[in-house]
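As given, the protein sequences belong to chains A and B, one line each in that order. As numbered in the numbering used here, residues 1 to 147 make up the first sequence, in order. As numbered in the numbering used here, residues 1 to 303 make up the second sequence, in order.
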Amino acid sequence: MKKSEILTCFQCGTCHASCPSGKYTSLNVRKIVRDSMKKDVSDSQELWMCTTCYNCQERCPRGIKVTDAVLLLRSEAVKKGKILPAHRKVCRFLLETGHAIPIDDKHAAIRERIGLAGTETVCKYPAALAEVKSLLRSTGFDELIKE
Amino acid sequence: MKELSLFLGCLIPNRYPGIEKATKLVLDRLGIRWSELKEASCCPAPGVFRSFDRITWLTLASRNLVLAEKKDNDILTLCNGCFSSLSDANSILRSDISLRNEVNMHLKKINKEFLGTIEVRHIIEFFYRDLGTDKLKKEIEKPLELRTAVHYGCHMLKPTRERKLGGAECPVFFDELVEATGSLSVPYEGKTSCCGAGGGVRSAMLETSLKMTEYKLERMKKAGVECIVDACPFCHLQYDGGQVELAKAGKLYNLPVVHYSQLLGLALGYTPEEVGLFLNEIRNPEFEAKMEAIWRKNLKSSG
Ligand code: SF4
Ligand code: SF4
């Protein structure tokens, strides 16, 4: 998405009215996207209240990619080191195991009980996990999520 | 039909293996050729990773795509998140040459290259388009006649321009698949609304995410359904784990949560145990007793 798209917004509010999160939270997607054209919104907690459900993007009469704009603003915030602790944790899991949600003992036991073998993913193949780690280094993701 | 590479992702094998088991049984039973995509990683999940860094998200997704390209298999996903990441990355990298070059530069370091030669499928649209409800109906051995609340989940349908599965306001294909198994898809208010889990909201802002879940659960309950049927382990987790979290605040819903693979498995005659039906956090003794009874009755009539 191009940020200049946002300039075609005529503030109708359809996006905010369609937002399942905005119903309960201080997220007003119309406002945050508009504000981002004038100022840095990286510190805004609201950026992280979006579930990326795409309602706003689907319904915008101007065809503005509203959800993609939220994603873009998030990545700008992350570049400035604004990362919520819970998200940093998920990133570390990815860096270490190749999975955002790695297997744990409880579920390994359930797998065994219901007759499923171990998973065939990176967790079984060290060379494959090394590939994932190498890619995450190559794109600078390991540096990006450092505290 | 050519072989499909089954892409399980993180949540299914690592938190809801019952869905994995049910899916494998169902695919075999329907004569669909598949093999597990070996060496795959996290898709990577669209919520956090797509938000954090687009190139990292694309690069890791492309590695998974390349694994299937090498086998010349299309990828079959069972999760809206995996579907969203892998199919979006696939189409972005096919159409944007400069992004593809950038991603391939990273992939080169592990001797891989994205070519864009395969498709990414979601099990629901795959069943609907490639198998069809009529064929499915003929295979059903045990119509369960459950009153269900069908939950599509956001990323199966949206963005509609990319998904090409029709409109997102009142879709019908998933309902038709559920009804093909002999159960009823009960209409309820807010049906296409979000479960509340996506975008990293569940992990970082649990309370906010649960408000959206409550909105859904209340309306499902009001419609008088016996269970939820979903097509995504992340929605599944949000409804299942979410009900446990809500119960701590005294809000009891007790709605069983079933992935479509499990529902189909039951209708094809597999037992509740075989499809991992009772491996959720939330347990509903009434539902479990009913399911067991149906199966016992069937055993008697067929034996
Ligand atoms: S729906 Fe589109 S045009 Fe209307 S306020 Fe939102 S972004 Fe602007
Ligand atoms: S994508 Fe985000 S901002 Fe847009 S409607 Fe959904 S939750 Fe709200």
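Note that beta-carbon positions come from the ideal geometry of N, C-alpha and C, so glycine has one too. Treat the numbers as computed from the prediction; the structure is a model and nothing was measured.
Its Cα nearest to that of Leu-237 (chain B), the residue B:Pro-256 stands out among B:Lys-248, B:Pro-256, B:Ala-249 and B:Cys-43.
Under the DSSP definition of a beta bridge, Val-66 (chain B) lacks any partner. For the pair of segments examined, the region 20 to 37 of chain B was found to touch the region 107 to 120 of chain A: the number of CB pairs separated by less than 8 Å reaches three. Cys-123 (chain A) is bridged by DSSP to nothing; it lacks a bridge partner. At a cut-off of 8 Å between C-beta atoms, Thr-271 (chain B) does not count as an interface residue with respect to chain A. Per DSSP, Arg-74 (chain A) has no beta-bridge partner at all. Under the rule that a run must span 3 or more residues, the beta strand (DSSP E) segments found entirely inside the region 158 to 230 of chain B read 227 to 230. Between Arg-121 (chain B) and Ile-75 (chain B), the C-beta spacing is below 8 Å. DSSP places Arg-54 (chain B) within a helical segment (H, G or I) once states are collapsed to three. The three-state reading of DSSP puts Phe-10 (chain A) in coil, since its state is none of H, G, I, E or B. The residue among B:Phe-52, B:Leu-144, B:Asn-111 and B:Lys-191 with its C-alpha nearest the C-alpha of Met-220 (chain B) is B:Lys-191. Look at Arg-121 (chain B) here: in three-state DSSP terms it is strand. Of the residues B:Val-26, B:Phe-127, B:Leu-266 and B:Ser-35, the one whose Cα lies closest to the Cα of Glu-145 (chain B) is B:Leu-266. Chain order is used for the residues whose beta-carbon lies nearer than 7 Å to a heavy atom of ligand 2, namely A:Cys-15, A:Ser-18, A:Cys-19, A:Pro-20, A:Ser-21, A:Gly-22, A:Leu-27, A:Val-29, A:Cys-50, A:Thr-51, A:Thr-52, A:Cys-53, A:Tyr-54, A:Asn-55, A:Cys-56, A:Gln-57, A:Val-66, A:Thr-67, A:Val-70, B:Cys-194 and B:Gly-199. Contacts with chain A at 8 Å (Cβ-Cβ) include Glu-36 (chain B). Contact note: Ser-203 (chain B) reaches chain A through Ala-86, His-87 and Val-90, using a C-beta cutoff of 7 Å and chain order.
Secondary structure of Phe-126 (chain B) (DSSP, three-state): helix. Not a single CB atom of chain B sits nearer than 8 Å to the CB of Ile-6 (chain A). The three-state reading of DSSP puts Val-41 (chain A) in coil, since its state is none of H, G, I, E or B. In this structure, Gly-13 (chain A) has its CB closer than 7 Å to one or more heavy atoms of ligand 1.
Taking 8 Å as the cut-off, the Cβ atoms of Glu-176 (chain B) and Asn-73 (chain B) do not count as close. Assignment of Arg-94 (chain B) by DSSP, reduced to helix, strand and coil, places it in the helix class. Residue pairing by DSSP places Phe-7 (chain B) opposite B:Thr-77 in a beta bridge. Counting only residues of its own chain and dropping the five nearest sequence neighbours on each side, Ala-68 (chain B) has a CB closer than 8 Å to the CB of Ser-5, Phe-7, Leu-37, Asp-74, Ile-75 and Ile-118.
Remark: C-beta atoms of His-16 (chain A) and Cys-42 (chain B) do not approach each other more closely than 8 Å. The beta carbon of Leu-95 (chain A) sits no closer than 8 Å to any beta carbon of chain B. With respect to the 8 Å criterion, Gly-116 (chain B) and Asn-90 (chain B) are classified as neighbours on the basis of their beta carbons.
At a beta-carbon threshold of 7 Å, none of the residues of chain B lie near Gln-11 (chain A); the nearest stands roughly 22 Å away. Leu-264 (chain B) places its beta carbon 8 Å or farther from that of Thr-133 (chain B). Linking Phe-114 (chain B) to Arg-147 (chain B) through their CA atoms gives a straight-line distance of about 44 Å.
Collapsing the DSSP output to three states places Ser-41 (chain B) in coil. His-259 (chain B) has B:Asp-230 as its beta-bridge partners, per DSSP. Ala-127 (chain A) and Val-66 (chain B) have their C-alpha atoms spaced approximately 16 Å apart.
Note on geometry: alpha-carbon atoms of Ala-109 (chain A) and Phe-83 (chain B) lie some 28 Å from one another. With contacts defined by Cβ atoms closer than 8 Å, Leu-268 (chain B) and Arg-29 (chain B) form a contacting pair. Secondary structure note for Arg-147 (chain B): its beta strand (DSSP E) is the uninterrupted segment 147 to 150.
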